[in-house]
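Numbering (our numbering), first residue to last: 2 to 173.
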């Protein structure tokens, strides 16, 4: 059986990495996003996909998704990559904002989601779910819940960063 960490334990591990070992949260984000991009690349290649949608929140999980976008662009120059940013850009964590700023130099379409109608997924594509991670303390509401519903009902392969958005990271 694979042992998994609870959300609380994972947050303690991340805090220890930063405080005890001097690893920055930006480096943690870069490493997480890089590993997710590697897994996404396996899916893209095995299924012959040409389109990827990355659904990002404004917290650190969203920052992981922005790193994924950057890594995938470097590996697949002709891949169609669309980032859906859900949440107010002004509320981004500093590390997420830094990764968001880097995307302006790349051929990655970024759409700020102000209503669920903005989000459209092409069937038989890959969705990277980077909306919420282990820090989510309550069920998603409003626009966030509607975007999650769209992801769940798409005809796409969904790869989640940390846990599927809306799922309690400890209790499931």
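All residues carry an ideal CB built from backbone N, CA and C; glycine is no exception.
Here the structure is a predicted model, which means the values were calculated and not measured.
Which of the three DSSP states is assigned to residue i in this structure?
{"i": "residue 120", "result": "coil"}
{"i": "residue 138", "result": "coil"}
{"i": "residue 15", "result": "helix"}
{"i": "residue 162", "result": "coil"}
{"i": "residue 31", "result": "helix"}
{"i": "residue 109", "result": "coil"}
{"i": "residue 55", "result": "strand"}
{"i": "residue 156", "result": "coil"}
{"i": "residue 37", "result": "helix"}
{"i": "residue 168", "result": "coil"}
{"i": "residue 127", "result": "strand"}
{"i": "residue 45", "result": "helix"}
{"i": "residue 25", "result": "coil"}
{"i": "residue 115", "result": "coil"}
{"i": "residue 67", "result": "helix"}
{"i": "residue 94", "result": "coil"}
{"i": "residue 80", "result": "coil"}
Run the CB neighbour count on residue i, radius 10 Å, all protein chains shown included, and call it buried at 16 or more, exposed below.
{"i": "residue 100", "result": "buried"}
{"i": "residue 106", "result": "exposed"}
{"i": "residue 124", "result": "exposed"}
{"i": "residue 108", "result": "exposed"}
{"i": "residue 103", "result": "exposed"}
{"i": "residue 67", "result": "buried"}
{"i": "residue 127", "result": "buried"}
{"i": "residue 14", "result": "exposed"}
{"i": "residue 62", "result": "buried"}
Of all the options the options, which has the alpha carbon lying nearest to the alpha carbon of residue i?
{"i": "residue 118", "options": "54, 126, 148", "result": "148"}
{"i": "residue 78", "options": "96, 51, 91, 84", "result": "51"}
{"i": "residue 132", "options": "112, 154, 166", "result": "166"}
{"i": "residue 159", "options": "91, 129, 144", "result": "129"}
{"i": "residue 142", "options": "122, 116, 155", "result": "116"}
{"i": "residue 46", "options": "63, 21, 25, 73", "result": "73"}
{"i": "residue 111", "options": "127, 95, 161, 90", "result": "90"}
{"i": "residue 120", "options": "140, 155, 27", "result": "155"}
{"i": "residue 39", "options": "14, 24, 71, 139", "result": "71"}
Report, in whole angstroms, the separation of the C-beta atoms of residue i and residue j, which I expect to be a contact under 8 Å.
{"i": "residue 69", "j": "residue 34", "result": "5 Å"}
{"i": "residue 88", "j": "residue 58", "result": "5 Å"}
{"i": "residue 60", "j": "residue 97", "result": "7 Å"}
{"i": "residue 53", "j": "residue 80", "result": "6 Å"}
{"i": "residue 64", "j": "residue 30", "result": "5 Å"}
Check whether the Cβ of residue i lies closer than 8 Å to any heavy atom of the ligand GTP, and answer yes or no.
{"i": "residue 118", "result": "In terms of ligand content, the structure shown is empty, and the ligand GTP therefore cannot be addressed."}
Please check if any C-beta of chain E sits within less than 9 Å of the C-beta of residue i.
{"i": "residue 108", "result": "Considering every chain present, this structure includes no chain E. It has just one protein chain."}
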